[in-house]
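Protein chains in written order, with the working numbering: chain A, 74 to 455; chain B, 24 to 309.
In this text, a Cβ means the ideal position worked out from N, Cα and C, and glycines have one as well.
Only one structure is covered here, and it is reproduced in the block below.
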Amino acid sequence: MSMTKKMMAALAITGSLISAPTLADTVKIGMNVPLTGFAAADGKSALLGAELAVEQANAEGGINGTQIELVRYDDQASPKHSVPIANKLIGQDEVSVAISGSYSGATRAAAGIFQSEGVPYISAFAVHPDITKSGDYVFRTSFVGEVQGRAGAKLVGEMLGKKRVVVITLKNDFGKSLAAGFKSKAADFGIDIINEYEYSIKDRQFGPIVTKVKSDKPDAIYASGYFFTAGPLVAQLRSAGIDVPVIGQEGYDSEKFIDIAGPSSEGVLITTSLDRDATVAETKDFISAFEAKAGYKADMVAASGHTAAKVAIAAMRKAGTTDRQAIRDAIAATNMVASTGTISFNDLGEVKKDVQVQVVKDGAWHHYAVIDDKELLAPPVE
Amino acid sequence: MLYVELLAQGLVQGSIYALVAVGLTLVYGLLRILHVAHAGLFTLGGYIGVLVTNATGSLLLALVVSMLVVGLLGMAIYRLCYQPILDKPPYVALIASIGLFIAMEEIYRIAFGPYGISYENPPLQDVVHIFGITLRLGEVAVGIGTLVLIGALALFASKTRFGTVWRATVTDPEMAESFGVDIIKVRYLNFFIGSALAAVAGVMVALLNNLVEPTMGSVPSYKALAIIVLGGLGDVRGTLLAALALGVIEAYGTIYLGNYLDRDAIAFAFLILVLMVRPQGLFGRA
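In structure tokens form, the structure reads like this:
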């Protein structure tokens, strides 16, 4: 770099530093999101989804004429980072509301801080039940694991009519809560769980489990995981000659799952929040706008980031002020159509919406069914 | 039959561990450095394997390119990272190595994206039946490839002139040097061979999982350390046996202990048990 270029770069950097305070009349939404480390892929989708919601809102005039600024920090999906980030967002950036684009560990730790400082906080896709139990300022726009697990039981036992089921569980809060929900309703749908296995999030080679499942001869496999564990798992199940239905959840919900598992992914069913073949304008618009912005297809995490930011923005508009209490009340009263469905919250701050069932067909996610059984899908109230 | 299939799965996994751990034990034997960044080379091996296969359609070419590039990079790491700090206490090199490993993970993330990459048409996925066991061709290739490579390494070390020089340098570097051995050359070769083996492991793991991610090396980074301790630090034969033993124990453990201990916990519980009885490792000499 030549001297002049260096000086220009330096000037540009100082310029942007100086110009920052002049933007003080923006409304700030804080976000903790993993941008490095093992969860960086989901973090990227969640961030792009949230950015899209902010850009769309700003194009429509922001919050009653004031532009919205998304202040985000990388939490590496770790509570060790999300806690200082929460303090920074509240104390230094003075955000009016915050969203989490991170996993449960990081979100749960940050939720306590936002609650005690009285800043509304919306978890986009973290599943741990304790997150919303932090208090009345904490909300969640995605299903808790148990709800999705119950929907999975209905899908397997009633809609597919499969009774002898092997459960393969990812050994973290996500997988465990899905399995708990599935098992709580399994008997109601006539499901006999003939064996259960657990694996760790670092596992990619499932040879021993696959070998054992083969000898179990199940009618269906309910396997929790993320695309980076489920992709190899499904491919390895299929290549071992196990061709019974595999039922997953929103953790599979990525194009990447289909890339990894290849032809083995055909026919895999998942319970999730995003309907690729949606006829609802909001969801259709989101899917095309996201692809234009990100350069890859929308997934559940992207839609969840978008939904969480949209709920925050709608609440700020309705409140018409940056007063955090007023924004909290507006979020609690949410009733809106978002890319992940029609959203409202119960008293605990848990979302009420339908579960989408998607299937891999011809190398892409497609609509399979919708589960809208209000009683089955009732989120926890305490 | 289930037990035999589990044994086969364990041996496949153990072979992968062996390919990674041998390089690590070679470096330890020669320089007394715990080369954590070795696992970063393993990841790079996987990336190059997938990228070259997708570009050319040839897995064999990918394997050769991967071994060469990763082998050379291993030499560069020795030259640029370890050589300048060889006279410092061992923990300095260890810290440098850990830092380098973390940096490598983030460089892969920036260069190749956070989602990881996959083979467009994964090779060697056909299923074969041997003595009633079902295995993928890729798994068979892992097992045979490991035996051939490590066998060749053993032959090279015991039957060739350079092999003798190499072993002499490991046993007593100063004596070897006084006999006119170019120990710098030995170190380069050592890093090249160890790194190239890790590259093979990376390509193979990519084949079995059809996924290469920036953090693919995180488990091998510490598990390989456990294996070389089990094998009696610096001992190639011990490392091979320890790696296979660990693969098999994990395979059975995943099924029969999986609800109490996860795979890594099983490995480290085994390590602790062995060290309580044999502090010098399974095959190390006291």
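At least one beta carbon of chain A lies nearer than 8 angstroms to the beta carbon of D285(B). L29(B) is positioned such that its CB atom lies closer than 8 angstroms to that of I278(B). In chain order, G166, L267, G270, V271 place their CB closer than 7 angstroms to the CB of L34(B), counting only its own chain and leaving out the 5 sequence neighbours on each side. For N160(A), same chain residues with a beta-carbon under 7 angstroms away, outside a window of 5 residues either side, are I186 in chain order.
Two segments are said to touch when three or more pairs of C-beta atoms, one from each, lie closer than 8 angstroms; by this definition the segment 151-159 of chain A does not touch the segment 114-127 of chain A.
Secondary structure note for V300(B): its alpha helix (DSSP H) is the uninterrupted segment 286-300. Ranked by Cα distance from A381(A), the options I416(A), V220(A), T394(A) are led by I416(A). At a cut-off of 8 angstroms between beta carbons, R397(A) makes no contact with chain B.
Nearest to R145(A) by alpha-carbon distance, out of G135(A), S312(A), Q165(A), G138(A), is Q165(A). If you look at Y283(B), you'll find it isn't in any alpha helix (DSSP H); DSSP assigns it neither H nor E. Taking a beta-carbon distance threshold of 8 angstroms, Y211(B) does not count as an interface residue toward chain A. In this chain, the beta strand (DSSP E) harbouring D147(A) covers 141-147. Between I282(A) and chain B, the shortest Cβ-Cβ separation is below 8 angstroms. Contact of Y270(A) with chain B by beta-carbon distance below 7 angstroms involves G281. Take I241(A), set aside five residues on each side of it, and the residues of its chain with a beta-carbon closer than 6 angstroms to its own are Y270, A296, in chain order. Between V45(B) and V228(B), the beta carbon gap of about 15 angstroms keeps them out of contact (Cβ cut-off 8 angstroms).
Collapsing the DSSP output to three states places N160(A) in a helix.
By the Cβ criterion, the segment 223-238 of chain B is not in contact with the segment 285-292 of chain A, since fewer than three pairs of Cβ atoms, one from each stretch, lie closer than 8 angstroms. Taking a C-beta distance under 8 angstroms as the contact criterion, V217(A) and E423(A) qualify as a contact pair. At least one beta carbon of chain B lies nearer than 8 angstroms to the beta carbon of I333(A). With contact defined as three or more Cβ pairs closer than 8 angstroms, the segment 107-123 of chain B and the segment 218-225 of chain B are not in contact. Contacts with chain B at 8 angstroms (Cβ-Cβ) do not include A197(A). Annotation: Cβ neighbours of S241(B) in chain A (cutoff 9 angstroms, chain order): F111, K275. Contact of A114(A) with chain B by beta-carbon distance below 7 angstroms involves P137, Y138. Nearest to N144(B) by C-alpha distance, out of T48(B), M299(B), L230(B), is L230(B). Identification of chain B residues near Q278(A) by a Cβ-Cβ cut-off of 7 angstroms yields Q36, L231, N232, ordered along the chain. The alpha-carbon of V297(B) is positioned some 37 angstroms away from that of V204(B). H440(A) is bridged by DSSP to Q431(A). Rounded to the nearest whole angstrom, the CA to CA distance from F212(A) to V454(A) is 12 angstroms. What V150(B) touches in chain A, judged by beta-carbon distance under 9 angstroms, is S312, A313, G314, going in chain order. Below 8 angstroms, too few C-beta pairs join the segment 230-241 of chain A and the segment 202-212 of chain A to call them touching: fewer than three. Cβ atoms of V317(A) and P291(A) come within 8 angstroms of each other, at about 6 angstroms. In this structure, G122(A) is the residue among G116(A), V106(A), G122(A), N105(A) with its C-alpha nearest to the C-alpha of K366(A).
Interface criterion not met: the Cβ of L42(B) is under 8 angstroms from no Cβ in chain A.
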